[in-house]
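Before any comments, here is the structure.
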Amino acid sequence: MLLTAQTIADCLNGDIEGDSGIVVSSVINIEQGKKETLCFLANPKYEKYLYTTQASIVLVDRDFVLKHPVNCTLIRVDNAYESMSVMLGLFDTTDTLNRKGREYPSRVSWRAKIGKKVYIGAFTYISRKAIVSDNVKLFPNVYIGEGVSIGENTIIYSDVKIYPGCSIGANCIIHSGCIIGSDGFGFAPSADGIYKKIPQTGNVIIEDNVEIGANTTVDRATMSSTIICKGSKLDNLIQIAHNVEIGENTIIAAHSGIAGSTKVGSHCVLAGRTGLTGHLTIGNNAIIGAEALITNNVKEGKSMLGIPAMEAGKFRRSNVLFRNLPEISKNITELLKQYKNKMGEAI
Amino acid sequence: MLLTAQTIADCLNGDIEGDSGIVVSSVINIEQGKKETLCFLANPKYEKYLYTTQASIVLVDRDFVLKHPVNCTLIRVDNAYESMSVMLGLFDTTDTLNRKGREYPSRVSWRAKIGKKVYIGAFTYISRKAIVSDNVKLFPNVYIGEGVSIGENTIIYSDVKIYPGCSIGANCIIHSGCIIGSDGFGFAPSADGIYKKIPQTGNVIIEDNVEIGANTTVDRATMSSTIICKGSKLDNLIQIAHNVEIGENTIIAAHSGIAGSTKVGSHCVLAGRTGLTGHLTIGNNAIIGAEALITNNVKEGKSMLGIPAMEAGKFRRSNVLFRNLPEISKNITELLKQYKNKMGEAI
Amino acid sequence: MLLTAQTIADCLNGDIEGDSGIVVSSVINIEQGKKETLCFLANPKYEKYLYTTQASIVLVDRDFVLKHPVNCTLIRVDNAYESMSVMLGLFDTTDTLNRKGREYPSRVSWRAKIGKKVYIGAFTYISRKAIVSDNVKLFPNVYIGEGVSIGENTIIYSDVKIYPGCSIGANCIIHSGCIIGSDGFGFAPSADGIYKKIPQTGNVIIEDNVEIGANTTVDRATMSSTIICKGSKLDNLIQIAHNVEIGENTIIAAHSGIAGSTKVGSHCVLAGRTGLTGHLTIGNNAIIGAEALITNNVKEGKSMLGIPAMEAGKFRRSNVLFRNLPEISKNITELLKQYKNKMGEAI
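Protein chains in written order, with the working numbering: chain A, 6 to 352; chain B, 6 to 352; chain C, 6 to 352.
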């Protein structure tokens, strides 16, 4: 597919600076831009490439100011990052997501209810009482436990396993290797130090428009439900323990872990590898920095850092001094010495 | 199923305070308690809900002292947490765990030995020389390598992969996505910086009554065995490296990682995301706090915290001062200044 | 198989001290050495076992100096660790890796291209336009997306999932549960706080001689490719985000995570659970210590530690003082007190 700068500008409501007839056939990173490709510039770190790129067209923000002349055609848009995303969608030619129908061998209980235009990949297993809605895609090697329900248009990639009784909303994407509804980690110690399993009889509810990354695990509740509310996005290899609740439109990056019964608000951002201990409440719009270990409740809008975590600004001040401890310590030692010299054997 | 307070009290050896004829049909969290439900109170954090819950019955510890009157019927028991677990078992109605027989297509080597009342899910693969004992459940999409043995009553959930030669005990539960017996991470660097693989010819031995969470990985030993002793419980997404040994009845929470050849004692507790470097010995009853990085041996019964870890009490004292570093530093600076003023240019 | 000390010495170009006719039938750890077994000694921590082992033969480095007499036969070699690896390969009798041919049921698109002597396990799925080269082994329950190519002699263990368009080199080993090519974690927030998915249209390129551990995830690039260069070795449960590039012969231990667009050099070592934030450049031969959080570029050959990381030596000095903060603080308090006593109410 070839698109002209004019077509693209019309599509993105952008303004052209350069040759409106120039054509592109694919989207690429600005460092790798070459003839007939479209790039974008959003992160200032990459601005230097703009002046040397061989790309035909570059999308930039409307208010971007050129420092040097460029060889490419610019299209100015309200938000270069979002516009690039639209272009990527246009040029995405994989047909994987057009799959429909049932492949064999696959196993579908006659007591499961399967909607229209569903794709059921080979070696996929659907248990009794499961409900698979219209336009759902179940890739090969998926396991759907008994009584699981899956909303319209949801994509379940190869090798996802959903334990009995869980509920997945509409327009969700669940990546390969995700385990939804495995038992919560609950054991009662007896006097002799042996642990007895506490039955985990709840389930997992994932609301609409949620995306969950590869090999992430979401445990079922001991009782009632572990809940991920609509619009939240989870990265790879995350652990969500039993009875956790995650609000709407919250972002959680890879390797993060949330312990049992903790409630995370809406519009929060949890950076990579954050850890939240159990039974906490994290307010809306909180920002948890990379690797922070949260051991207390976090108020709405707060930004946290550190192990254990404190307010981010406070952590940064302490951390600067941690780095300077050798000098601080040297000053103290010197002071003690001089003081002793002047004052005698006082200390 | 409806149970009266009297039936429940008889079952749990408890004492009723309230209406012995009141009935419940399910178990639920105390925050969500409603008519015909049973709740329990063990964590004091949740006591406030006791006085407002709509639940019909609440289990409490025998010595619990009411601060206000309640609307529900109380049943006093020796251990509310354990009793709740018994109740959950009673109300667990999923029939998933009653599955028996072989589903098709599945692949079982004629040289494998399969016991009585075994469940073999569709798309499950059992290699030659494998031994699957009585009452074992292998859910769909399980892979059992050659020569693997699995003890009686063990449940292997969908998508568990067990490499050749590994041994799983009786009454174990292995959750979806677990990989048992993958190669240890062993490479010998040569002079030119290229790494040569060291063959990993050992296996993994998992003893009786062990539970392993979703997507956890247990590597095979380079030689001899990686061992998880009886009664230990592992959470999700844990990494157990080659030649590690874990004692009896030890608890390991999610995202923890144990490097090669480290030996962990019995009755230890490793909180979430703990890291243990290689070739260490951790004594019995040790407690490793959340995110602690253990780089030295730990003596029996010790409690450790920090990155790298030190004794927990010591870490807490240092950490309080870390938080106060800005003030401490200000005091020092002020002292230096005043000292200089009084003493002249000494420092 | 029985091998004499003479045969082994000839094979390893070693020198015998003891009985050249003594035989061994297997390889084992030195702590567990018994009659007819071969052990090795490389790590000085284990030297004590040399003097008490019941093993028949022990491999030691050529320049190793005995502190006491031994009962076993020694074979002195240039590198005991490497030689042990050779011996493990000799004694490895599992036939798993000799598998060939296609098992049924499996699903192979007629538009896929399959080489000679390929093993295709049952329940494995190969999509159209995939290229599987000679001698490749695909264990059961593997999913190969459309257009994926796999080089000669590569081993893909059970339950690996490779998304469309990815490319795996020759002589690679990919362990169970690995997900290659899942979507990068890219979302654009809109004004109302809702996240819109950015299409991930790139792929993953894994070069020759790479090994990837169990349940590790490698995300596809947003545009162009996520790349792991030849000879690099990745452990279990690692997260490699979109557009990351990893150089040649780099080692990454378990639970490490690398955020989007970061470039790691060649011959680097990343210890367990290291975290690298996005858009960084890590120079060749860098060493990232266990649990270090890298938030800035790292120069060639540097060794880093800490959260956030600094140069390892600097971290160690600061960390010693962190441990001593209680004493340092006590000294300061005492000094302040005495100063006040002597000088009056100055502070």
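All C-beta atoms in this analysis are idealised placements derived from N, C-alpha and C, irrespective of residue type, glycine included.
As the structure is a computational prediction, the values presented were derived from the model and not from experiment.
Assigned with DSSP and collapsed to three states, N346 (chain A) falls in helix. Taking the Cα positions, N76 (chain A) is about 20 Å away from L7 (chain A). For G218 (chain A), the nearest beta carbon of chain C is closer than 8 Å to its own beta carbon.
The beta carbons of S323 (chain C) and F192 (chain A) sit no closer together than 8 Å.
C-alpha of I293 (chain B) to C-alpha of G306 (chain B): approximately 10 Å in a straight line.
For the 8 Å CB-CB criterion, T267 (chain B) and L242 (chain C) do not form a contact. Residues of the stretch 101-120 of chain B with a Cβ closer than 9 Å to any Cβ of chain A, in chain order: T101, E108, Y109 and P110. At least 8 Å separates the CB of M6 (chain A) from every CB of chain B. Within the stretch 310-327 of chain B, G311, I312, P313, M315, K319, F320, R322, S323, N324, V325, L326 and F327 place their CB atoms closer than 9 Å to a CB of chain C, listed in sequence order. Annotation for S172 (chain A): S154 and I210 place their beta carbon closer than 6 Å to its own, counting only its chain and skipping 5 residues before and after.
Counting only Cβ-Cβ distances below 7 Å, D240 (chain C) has contacts in chain B at F190, in chain order. Per DSSP, the continuous alpha helix (DSSP H) segment holding A10 (chain C) begins and ends at A10 to L17. Scanning B:P110, B:I233 and B:D139 for the CA closest to the CA of K121 (chain B) turns up B:D139. Of all residues in the stretch 244-258 of chain A, the ones placed with a Cβ closer than 8 Å to any Cβ belonging to chain B are Q244, A246 and N248, in chain order. One alpha carbon belongs to F144 (chain B), the other to D240 (chain C), and they sit about 27 Å apart.
Interface criterion met: the Cβ of E87 (chain B) is under 8 Å from a Cβ in chain A. With respect to the C-alpha of C16 (chain C), the residue from C:I257, C:D83, C:L285 and C:K50 having the closest C-alpha is C:D83.
For the 8 Å CB-CB criterion, V274 (chain A) and G288 (chain A) do not form a contact. With its beta carbon at least 8 Å from every one in chain C, G288 (chain A) lies outside the interface.
For the pair of segments examined, the stretch 228-238 of chain B was found not to touch the stretch 148-163 of chain B: the number of CB pairs separated by less than 8 Å stays below three. Counting of Cβ neighbours within 10 angstroms places V325 (chain B) among the exposed residues, the total staying below 16. Looking at the DSSP output, C273 (chain B) sits in no beta bridge, so it has no partner there. When Cβ-Cβ separations below 8 Å define contact, L275 (chain B) makes no contact with chain C. For a cut-off of 8 Å, the C-beta gap from Y86 (chain C) to A47 (chain C) is around 4 Å, short enough to register as a contact.
One finds nothing in chain B with a Cβ atom closer than 7 Å to the Cβ of G198 (chain C); even the nearest lies about 27 Å away. For T129 (chain C), the closest alpha carbon among the candidates B:R112, B:N290 and B:R116 is that of B:R112. Under a 10 Å Cβ-count criterion, V269 (chain A) is classified as buried, with 16 or more other Cβ atoms of the shown protein chains found around its own Cβ. Taking a beta-carbon distance threshold of 8 Å, I333 (chain C) counts as an interface residue toward chain A. Secondary structure at F69 (chain C): coil, using DSSP grouped into helix, strand and coil. The straight-line gap separating the alpha-carbon atoms of N146 (chain C) and Y168 (chain B) is approximately 13 Å. Chain order gives the chain C residues near A127 (chain A) as R112 and Y130, where near means a beta carbon separation below 7 Å. Under DSSP, D213 (chain C) takes part in no beta bridge, so it has no partner. Taking all protein chains in view, the Cβ of A196 (chain B) is surrounded by fewer than 16 other Cβ atoms within 10 Å, so the residue is classified as exposed. Taking a Cβ-Cβ threshold of 7 Å, the residues of chain A close to A193 (chain C) are Y86, E87 and S90, in chain order. Judged by DSSP in its simplified three-state form, R116 (chain A) adopts coil rather than helix or strand. Annotation: the continuous alpha helix (DSSP H) that includes V325 (chain B) extends over A317 to R328.
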